[in-house]
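Undergrad: In this note's numbering, the protein residues as written are 32 to 79.
Before I ask anything, here is the structure I am working with.
Structure representation (structure tokens):
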């Protein structure tokens, strides 16, 4: 591949927006549920 490293990001139609949104949602839930044990945050992540 030649050219600057950001060329594929500008030319390809793919992006990771959905993945980043899921990661952000998971992190937000885990911060809100800190100290609540494992079961409750686990259910909040799997059942939106």
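Glycine included, every Cβ here is placed at the ideal spot set by N, Cα and C.
So residue 64 and residue 71 are in contact, right, with Cβ under 8 Å, and what is the actual spacing, rounded?
TA: The distance from the Cβ of residue 64 to that of residue 71 is about 6 Å, consistent with a contact at the 8 Å cut-off.
Undergrad: By alpha-carbon positions, which one of 57, 50, 41 ends up nearest to residue 77?
TA: For residue 77, the closest alpha carbon among the candidates 57, 50, 41 is that of 57.
Undergrad: Would DSSP call residue 40 helix, strand or coil?
TA: helix
Undergrad: Pull up the distance between the alpha-carbon of residue 66 and that of residue 41, whole angstroms please.
TA: In this structure, the straight-line span from the alpha carbon of residue 66 to that of residue 41 is close to 42 Å.
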